[in-house]
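Everything on this sheet refers to the single structure shown next.
Residue numbers (our numbering), protein chains in the order written: chain A, 505 to 639; chain B, 2 to 380.
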């Protein structure tokens, strides 16, 4: 069975994959990954796991033409603000790697797929998340 | 509390020295700075040593093993690209605290070539090119594009920063590269991470820089002619920002440090004659015109368009050639930019001299994040 690429990608047995945030009930800050203390307001034990929206808007990006050996380029490294809170970073796919074709605040959705065929040392495959423009 | 002065300061010409060792590079700068101050390692009461690559390898002690094992306290610092500035500030703090009158700060790095960042796989599989990019050119491109989304900053405006800094470098004999790069050449160079082309990325080099810091009492005793007053020394970490987890924030910590530094120095940005700021990428320099208050928010593009930040302009920025051409040996950078500003305040910068320079500011960012700002004044 495929594993999640990061701890905050959840793959429930009986439902669709989703991104999990941890939200501070005191100040409303949203974090990725489990934690017990809020780094914004320093409250303790105020963190609640929340399911983040799979719709969002492109906040910023770079088109990467040079990366490490073995990594396919070009690709779009994108920062997406999710509707309702939380910001995540990932690859923007199904979009030409051309600044003329990329607009700030363009709506995107979070989609889940195999992690580009990458496997760990034990041969496990992984599920990752990607951003896709919404037409 | 005593004022603190830089009595001696120097750097080696940055370059690639794979055959040398880190302590050897650091020792060369240390001896140059001691000579500049007219002092010996025997006179130093403490050593603050900044290095990143060998942070667990007692670089400061190994420097003393090369140039004089006097038994003084040694503090080894690592703070990403703010490492050198952190070592300098620790030295400053020790004099402010009244512990010492004469101390040495050294910054050094041996780099190798290639992309920085994005390498660590952590658990599972590598994330580079899967969850975006963690390489430094991409991370700073994303920070630049945040400016573009707010103010419509263009690729051409970012590229002009490289044209300017590369031009400045032709007048700096200690820069790694001293080559003019016309705008078309910068824009048509290999694209690394849009909008940062190869000529908009800082150069990985080996280098070292050092400074001798003294108390006011000691400065008066030894002679003030070439002493430079440290008007402000500030380090900040990154205050919480909502996108921190995916987008390291170099703006908020710089704005906080700038505010505190201007307050400590009792001046404003309009009083500065020159600035050496952290141009690890052309996109980064653009952000810091506004972060340091050199212009209003949204005016950075105009500043570069109108040449206000070039030598001869309203507020020259990175007349050394900056990290883009001088090179960026991570642990040395924060002291090398102090050397640059001191050299202007002493009127010894030759062809690139900022006329009648009296007050200058240095700025570095260590991603993760740390910001170091120093304000220096001619005596």
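From the three backbone atoms N, C-alpha and C, an ideal C-beta is built for every residue, glycine too.
Query raised in the report: Thinking C-alpha only, which one of B:239, B:93, B:49 is nearest residue 78 (chain B)?
Result: In the second chain, counting from the first residue as 1, residue 78 (chain B) sits at position 77. Comparing Cα positions, the closest option is B:49.
Query - Buried or exposed (CB count within 10 angstroms, at least 16 for buried), residue 216 (chain B) - result: For the purposes of this step, residue 216 (chain B) is taken as residue 215 along the second chain, with counting starting at 1. Residue 216 (chain B) is buried by the Cβ-count criterion.
Requested in this report: May I ask you to verify whether the region 583-603 of chain A touches the region 237-251 of chain B, counting CB pairs closer than 8 Å and requiring at least 3?
Outcome: Flag = yes, the region 583-603 of chain A and the region 237-251 of chain B touch.
Requested in this report: Write down the C-beta distance between residue 182 (chain B) and residue 167 (chain B) rounded to the nearest angstrom, noting that I regard them as a contact closer than 8 Å.
Outcome: Within the second chain, residue 182 (chain B) is the residue found at index 181, counting from 1. Within the second chain, residue 167 (chain B) is the residue found at index 166, counting from 1. Indeed they touch by this definition, with Cβ atoms about 4 Å apart.
Query raised in the report: In angstroms, rounded to a whole number, what distance separates the CA positions of residue 271 (chain B) and residue 355 (chain B)?
Result: Along the second chain, one-based indexing puts residue 271 (chain B) at 270. Along the second chain, one-based indexing puts residue 355 (chain B) at 354. For residue 271 (chain B) and residue 355 (chain B), the distance between alpha carbons rounds to 15 Å.
**Report entry** Span of the beta strand (DSSP E) around residue 551 (chain A)
**Finding:** Position 47 of the first chain, counting from 1, holds the residue named residue 551 (chain A). If you look at residue 551 (chain A), you'll find it in the beta strand (DSSP E) that goes 551-555.
Query raised in the report: When the distance is taken between beta carbons, is residue 638 (chain A) closer than 7 Å to residue 611 (chain A)?
Result: Numbered from 1 along the first chain, position 107 holds the residue referred to as residue 611 (chain A). Numbered from 1 along the first chain, position 134 holds the residue referred to as residue 638 (chain A). A contact, by the Cβ cut-off of 7 Å.
Report task. Measure the alpha-carbon distance for residue 325 (chain B) versus residue 163 (chain B) and round it to whole angstroms. Result -> Position 324 of the second chain, counting from 1, holds the residue named residue 325 (chain B). Position 162 of the second chain, counting from 1, holds the residue named residue 163 (chain B). Going by the C-alpha atoms only, they are around 7 Å apart.
Query raised in the report: Does residue 147 (chain B) get closer than 7 Å to chain A when you measure Cβ to Cβ?
Result: One-based indexing of the second chain puts residue 147 (chain B) at position 146. Interface with chain A (7 Å Cβ-Cβ cutoff): residue 147 (chain B) is included.
Query raised in the report: Is DSSP giving residue 201 (chain B) helix, strand or coil here?
Result: If you number the second chain from 1, residue 201 (chain B) lands on position 200. The answer is helix: DSSP assigns residue 201 (chain B) an H, G or I state.
Report task. Anything in chain B within Cβ reach of residue 582 (chain A), meaning under 9 Å, just list it in chain order. Result -> Counted from its first residue, the first chain places residue 582 (chain A) at position 78. Those are 133, 143, listed as they occur along chain B.
Query raised in the report: Where residue 211 (chain B) and residue 572 (chain A) are concerned, what is the direct C-alpha to C-alpha distance, given to the nearest angstrom?
Result: Here residue 211 (chain B) corresponds to residue number 210 of the second chain, with the count starting at 1. Here residue 572 (chain A) corresponds to residue number 68 of the first chain, with the count starting at 1. Here the C-alpha atom of residue 211 (chain B) lies approximately 34 Å from the C-alpha atom of residue 572 (chain A).
Query - Beta-carbon neighbours of residue 593 (chain A), restricted to chain B and to distances below 8 Å - result: Numbered from its first residue, the first chain carries residue 593 (chain A) at position 89. The contacting residues are 132, 133, 247, 248.
Query raised in the report: What residue range is occupied by the uninterrupted beta strand (DSSP E) comprising residue 268 (chain B)?
Result: Locating residue 268 (chain B) in the second chain gives position 267, where the first residue counts as 1. Judged by DSSP secondary structure, residue 268 (chain B) falls outside any beta strand (DSSP E); it is assigned neither H nor E.
Query raised in the report: Going by the CB atoms, is the gap between residue 207 (chain B) and residue 18 (chain B) shorter than 7 Å?
Result: Residue 18 (chain B) sits at position 17 when you count from the first residue of the second chain. Residue 207 (chain B) sits at position 206 when you count from the first residue of the second chain. Residue 18 (chain B) places its beta carbon less than 7 Å from that of residue 207 (chain B).
Query raised in the report: Can you name the residues of chain B whose CB is closer than 8 Å to the CB of residue 619 (chain A)?
Result: Your numbering for residue 619 (chain A) matches position 115 in the first chain. Near residue 619 (chain A) (Cβ distances below 8 Å), the residues of chain B are 126, 131.
Query raised in the report: By the 10 Å Cβ neighbour count, where 16 or more other Cβ atoms means buried, how is residue 42 (chain B) classified, buried or exposed?
Result: As a position in the second chain, residue 42 (chain B) is number 41, starting the count at 1. It counts as buried.
Query raised in the report: Counting pairs of beta carbons, one from the region 543-555 of chain A and one from the region 516-532 of chain A, are three or more of them closer than 8 Å?
Result: In short, these stretches touch, since the Cβ pair count reaches three.
Query - Partners in chain C for residue 575 (chain A), counting only beta-carbon separations shorter than 7 Å - result: In summary, chain C is missing from the structure at hand, where the protein chains are A and B.
Query - Short CB-CB distance (under 7 Å) between residue 193 (chain B) and chain A - result: Counting from 1 along the second chain, the entry for residue 193 (chain B) is found at position 192. Look at residue 193 (chain B): its C-beta is under 7 Å from a C-beta on chain A.
Report task. With a threshold of 16 other CB atoms inside 10 Å of the CB of residue 114 (chain B), please say whether the residue is buried or exposed. Result -> One-based indexing of the second chain puts residue 114 (chain B) at position 113. Answer is exposed; the Cβ neighbour count stays below 16.
Report task. May I ask you to list the residues that DSSP assigns as paired with residue 77 (chain B)? Result -> Along the second chain, one-based indexing puts residue 77 (chain B) at 76. BP columns for residue 77 (chain B) point to B:50.
Query raised in the report: Once you ignore the five residues that flank residue 34 (chain B) on each side, which residues in its own chain have a CB closer than 6 Å to its CB?
Result: Walking along the second chain from the start, residue 34 (chain B) turns up at place 33. Cβ within range, chain order: 9, 10, 11, 211, 212, 213.
Report task. Find the nearest neighbour of residue 139 (chain B) within the set B:180, B:192, B:87, B:256, judged by alpha-carbon distance. Result -> Here residue 139 (chain B) corresponds to residue number 138 of the second chain, with the count starting at 1. Taking only the C-alpha atoms, the option nearest residue 139 (chain B) is B:192.
Query raised in the report: Going by DSSP, what residues sit across from residue 507 (chain A) in a beta bridge?
Result: Position 3 of the first chain holds residue 507 (chain A). Assignment of beta-bridge partners to residue 507 (chain A) by DSSP yields A:630.
Requested in this report: Name the residue from B:66, B:203, B:255, B:353 whose alpha carbon lies nearest to the alpha carbon of residue 314 (chain B).
Outcome: Taking the first residue of the second chain as position 1, residue 314 (chain B) is located at position 313. It is B:353 whose Cα lies nearest to the Cα of residue 314 (chain B).
Query raised in the report: Which residues share a DSSP beta bridge with residue 112 (chain B)?
Result: On the second chain, residue 112 (chain B) is found 111 positions in, with the first residue counted as 1. None, per the DSSP bridge assignment.
Report task. From the DSSP output, in three-state form, read off residue 279 (chain B) for me. Result -> Numbered from its first residue, the second chain carries residue 279 (chain B) at position 278. Coil at residue 279 (chain B), not helix or strand.
Query raised in the report: How many angstroms separate the CA atom of residue 230 (chain B) from the CA atom of residue 568 (chain A)?
Result: One-based indexing of the second chain puts residue 230 (chain B) at position 229. One-based indexing of the first chain puts residue 568 (chain A) at position 64. In a straight line, the C-alpha of residue 230 (chain B) is about 44 Å away from that of residue 568 (chain A).
Report task. Within the same chain, show all residues whose beta-carbon is closer than 7 Å to that of residue 47 (chain B), passing over the 5 residues directly before and after it, in chain order. Result -> Translated into positions along the second chain, residue 47 (chain B) becomes position 46. Cβ within range, chain order: 73, 74, 95, 101, 104.
Query raised in the report: Does DSSP put residue 238 (chain B) in a helix, a strand or coil?
Result: Within the second chain, the letter at position 237 stands for residue 238 (chain B). In the structure shown, residue 238 (chain B) sits in a strand (DSSP, three-state: E or B).
Report task. In angstroms with no decimal places, state the Cα-to-Cα distance between residue 161 (chain B) and residue 80 (chain B). Result -> As a first step, residue 161 (chain B) must be located in the second chain, where it is residue number 160. As a first step, residue 80 (chain B) must be located in the second chain, where it is residue number 79. Going from the Cα of residue 161 (chain B) to the Cα of residue 80 (chain B) covers about 30 Å.
**Report entry** Contact under 7 Å by Cβ, residue 342 (chain B) with residue 83 (chain B)
**Finding:** Within the second chain, numbered from 1, the residue matching residue 342 (chain B) stands at position 341. Within the second chain, numbered from 1, the residue matching residue 83 (chain B) stands at position 82. No.
Query raised in the report: Do you know offhand how far residue 621 (chain A)'s Cα is from residue 312 (chain B)'s?
Result: Position 117 of the first chain, counted from the first residue, corresponds to residue 621 (chain A). Position 311 of the second chain, counted from the first residue, corresponds to residue 312 (chain B). When only Cα atoms are considered, residue 621 (chain A) and residue 312 (chain B) end up about 52 Å apart.
Query raised in the report: Exposed or buried, residue 70 (chain B), counting other C-beta atoms within 10 Å across all chains shown (16 or more means buried)?
Result: As a position in the second chain, residue 70 (chain B) is number 69, starting the count at 1. With fewer than 16 other Cβ atoms within 10 Å, it is exposed.
**Report entry** Residue ranges of each beta strand (DSSP E) within the region 138-221 of chain B, 3 or longer
**Finding:** The qualifying runs are 192-195, 208-216.
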